[in-house]
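Using the UniProt record's numbering, the first residue of the sequence shown is number 1, and each one after it goes up by one. In this text, a Cβ means the ideal position worked out from N, Cα and C, and glycines have one as well.
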Amino acid sequence: MGLPQPRLSPPALPAGPEAAKYWPELRSQSWSLLPTMGLCHFAALALALLVALAQADIQKLVRAQCGVRPRACYSIRFLRLPAFPLSHCLQSPQKQHQVCRDKQLEISGTKCPSEKTTAWARNPHRMDSLQKQDLRRPKIHGAVRGAPYQPPTLSSLQRLLWVRRAATLSHINEVWPNLFLGDAYAARDKSKLIQLGITHVVNVAAGKFQVDTGAKFYHGLPLEYYGIEADDNPFFDLSVYFLPVARYIRTALSVPQGRVLVHCAMGVSRSATVVLAFLMIYENMTLVEAIQTVQAHRDICPNSGFLRQLQVLDNRLGRETGRL
């Protein structure tokens, strides 16, 4: 194996008139070296081009491994990014990701890396939109509503009254906290009323030929009396008493230790109707919910006329509360 020969500097040419005799020889040598010099320049340019292409491929490879996808709008920014050395491709994927992340942090001027910075480097369009949304006023979404409320038909109400029936039957039942529903027998049983602590009595069958108790009947007892002369007739307009009776029951229940008995002759039609109206007006129940609440504790059976009047009340309350 031959050793490399040292490069020797060309001999110095004489100056003055003596150099004239060397000009023809030098001119011929310079013309003979032109093809060689052209090939050298071409080879240098080709080598520079190959290095540039290799460098671009390296950048694309590193960006693909680091999760950065250059777009057309970022072409200038892509060209401005610093080139990665060739040794970077020989490193492990984890090391390449770390180097890429460090380079991105240096470009953005961030010294403390965070998840938000990494996410911005991966998808700048999305992060910009999220930052703009953070400045906006948040929208308050209400609870998800189900299907709109459908007012029940008369036949469906009658089926509900016959299907859901209480297990036991008695003269008086507590159908709502401190609210009792009973018949005439329970209304005349003073000892039972005292035992239950009844403070207010609502008689929906008042009158001489009905449950004729009145305030005199309860004289001497610590309770108040409220009477309504109503007939158990489908054509009787009981709706005119819905709001007054509901207010009275509400006021009586708001009294400390207040307990209310609402009764009629049987405790299933007239008195049950005004109790349902109270639950709908002041407890924000639908007609079906009120029937189910009372029916769970006592059998009730309002006549068809009273059910239609309750349907009208249900529709009016639904429009006022936005349920319909």
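Specify, as a first and last residue, the run of the alpha helix (DSSP H) that residue i falls within.
i      : result
Phe242 : 242-254
Ala184 : 184-188
Ala277 : 270-282
Ser155 : 154-163
Report the partner residues of residue i according to the DSSP bridge assignment.
i      : result
Ala205 : Glu229
Leu179 : Trp176, Val260
His219 : Paired residues: none, contrary to the question.
His200 : Glu224, Val260
Quick one: grab the DSSP three-state call for residue i.
i      : result
Leu261 : strand
Gln311 : helix
Glu224 : strand
Phe84  : For Phe84, the predicted structure reports a pLDDT of 48, less than 50, and the residue's modelled location is therefore unreliable. The matter cannot be settled from this model.
Ala296 : coil
Val288 : helix
Asp57  : helix
Gly214 : helix
Closer than 6 Å by C-beta to residue i: which residues in its own chain qualify, once you throw out the five before and the five after it? Chain order, please.
i           : result
Val245      : Val274
Asn315      : Pro151
Pro234      : Asn303, Ser304, Gly305
Gly267      : Leu181, Gly182, Asp183
residue 327 : Only positions 1 to 324 of the chain appear in the structure, and residue 327 is not among them; the question remains open.
Thr321      : none
Ser155      : none
Is the beta carbon of residue i within less than 8 Å of some heavy atom of the ligand NAD?
i      : result
Leu193 : The ligand NAD is absent from the structure shown, which contains no ligands of any kind.
Tell me, to the nearest whole angstrom, how far the beta carbon of residue i is from that of residue j; I am working on the premise that it is less than 8 Å.
i      : j      : result
Ala230 : Ala205 : 7 Å
Val175 : His263 : No, Val175 and His263 are not in contact; Cβ-Cβ is about 12 Å, not under 8 Å.
Between residue i and the rest of its own chain, which residues show a CB-CB distance below 7 Å, the 5 nearest in sequence each way excluded?
i      : result
Arg126 : Summary for Arg126: the model assigns pLDDT 47, below 50, so the residue's position carries little reliability, and this model does not support an answer.
Leu313 : Ser239, Phe242, Ala277, Met280
Gly227 : Asn203, Ala206, Gly214
Leu169 : Asp299
Ser271 : Leu181, Val204, Val262, His263, Cys264
In its own chain, which residues sit with a C-beta less than 8 Å from the C-beta of residue i, not counting the 5 before and 5 after it?
i      : result
Ser269 : Asp232, Ile300, Cys301, Pro302, Asn303, Phe306
Leu223 : Leu193, Ile198, Thr199, His200, Val201
Ala265 : Asp183, Ala184, Ala205, Gln210, Val211, Asp232
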